[in-house]
Amino acid sequence: MLKDYRGVFRQFKGIFRPILLPQMRLKLKPDRTHNKEDLMKIAIVTGGSNGIGKATALELGKRGISVILTYHSYKDRAEDVVKEIEKNTGVRALALKLDLTQKSAFEGFILEVKESLQNIWNRNTFDYLVNNGGVGWPMMFTEMSEEYFDKILNTNFKGPVFLTQQLTGFMEDAGAIVNTSSSSKNQSFPGYSVYGSLKAAFSTWTRYIAKELAPRQIRVNAVSPGPTHSNFGDGVFDKHPEFIKPLAEQSVFGRIGQPEDLAKVIVSLLSDDFGWVTAQDIEVSGGHLL
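Just so it is clear: in the sequence shown, position 11 is 660 by this note's numbering, and no numbers are missing.
Structural data, given as structure tokens:
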């Protein structure tokens, strides 16, 4: 019986072959298997010199992922993060200056990234993007200046949007993006009307680009920190430790967050463990105001 079927197949294989083969063509990727560094995943983390960005860069290194982190003002801190990653994990890291408020400077930054990818990792693509860079400090609506509004807008929304537009042009298919939003978008703390509103826009944008990048199998998610002891707000918790206790009491776990709490969630979202998760905004607040 099997012999008979083989005869039938031989009869028709000339018909089926031109139909089947075009559908079975594979998109071949460049061979990057000739050395260890070429096999490493690479992540770009904005705002990586301190706080949540620093913790994320360090966590990526622990998991064997190379890091390009950006800084705005603190080059020495960024270089210290690079040294810590390379010393403790053995993966490569690099710090590049980036001002998210200056879209005109993005072209030069992109060129630096591409040159670094080629020179250090022998690649022309990267795998992950963490849009973490941002600023925020309170200002009441009645006192708000246009300068303040533009600073928050450009750093927290416009800058990341146009930077992502350029970076995704040479991001690997099936990569992942995580945007750092804020739980303040769901609340109404006095003085944070602009900050909270623009973080709400950032979270909404996350859903839109998740759909637009889906054909490339790129996942896009966001995390929304609650009160976190970082350098945010010009180090407000270090300057005013009395603020910590009342905020900690608003969490079901009785403390405020640490940058490492966010970093673990961010890096997990980038991983294949969350390969079926996209367009989500996950609050990481320890049940703040639950």
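For glycine and all other residues, C-beta sits at the position ideal for the given N, C-alpha and C.
Residue i and residue j: beta carbons closer than 7 angstroms?
{"i": "S852", "j": "D930", "result": "yes"}
Take residue i and list the residues in its own chain whose beta-carbon comes closer than 7 angstroms to its own, dropping the five residues that flank it on each side.
{"i": "I905", "result": "P876, T877, H878, I893, L896 and A897"}
{"i": "G783", "result": "G696, T804, N805 and T829"}
{"i": "I915", "result": "T705, V779, V827 and V872"}
Nearest to residue i by CA position, among the options, is which residue?
{"i": "I801", "options": "S842, E764, D822 and Y777", "result": "S842"}
{"i": "G723", "options": "E932, L707 and L745", "result": "The sequence shown places Tyr at residue 723, rather than the Gly named in the question. Among E932, L707 and L745, the Cα nearest to that of Y723 is on L745."}
{"i": "W786", "options": "V926, M689, S917 and S833", "result": "S833"}
{"i": "S900", "options": "L939, S917 and A912", "result": "L939"}
{"i": "W925", "options": "A863, F902, S934 and N880", "result": "A863"}
{"i": "D776", "options": "E932, S753, N768 and S920", "result": "S920"}
{"i": "F902", "options": "F881, G936, Q814 and T738", "result": "G936"}
{"i": "A912", "options": "R865, K703 and Q815", "result": "K703"}
{"i": "R712", "options": "V740, L760, P809 and S794", "result": "V740"}
{"i": "L709", "options": "A742, K848 and L747", "result": "A742"}
Residues in its own chain within less than 6 angstroms of residue i by CB, not counting five upstream and five downstream?
{"i": "A629", "result": "Outside the displayed range of the chain (650 to 939) lies residue 629, so it cannot be described from this structure."}
{"i": "I867", "result": "G824"}
{"i": "A850", "result": "F806"}
{"i": "F811", "result": "K752"}
Give the straight-line distance between the Cα atoms of residue i and residue j, rounded to the nearest whole angstrom.
{"i": "G884", "j": "G757", "result": "30 angstroms"}
{"i": "F790", "j": "S831", "result": "19 angstroms"}
{"i": "H721", "j": "K690", "result": "24 angstroms"}
{"i": "V762", "j": "F923", "result": "27 angstroms"}
{"i": "N835", "j": "F886", "result": "22 angstroms"}
{"i": "V716", "j": "Q767", "result": "14 angstroms"}
{"i": "K888", "j": "S934", "result": "21 angstroms"}
{"i": "R726", "j": "L749", "result": "18 angstroms"}
{"i": "D729", "j": "F798", "result": "32 angstroms"}
For residue i, which residues from the same chain have a beta carbon less than 8 angstroms from its beta carbon, with the 5 sequence-adjacent residues on both sides left out?
{"i": "E821", "result": "T774, F775 and D776"}
*Which runs of the beta strand (DSSP E) fall wholly inside the region 705-759 and span at least 3 residues, in chain order?*
715-720 and 742-746
*Please specify which runs of the alpha helix (DSSP H), each continuous and at least 4 residues long, are wholly inside the region 750-826, giving them in chain order.*
755-770, 795-802 and 808-816
*Uninterrupted beta strand (DSSP E) stretches inside the region 859-900 (no shorter than 3 residues)*: 868-874
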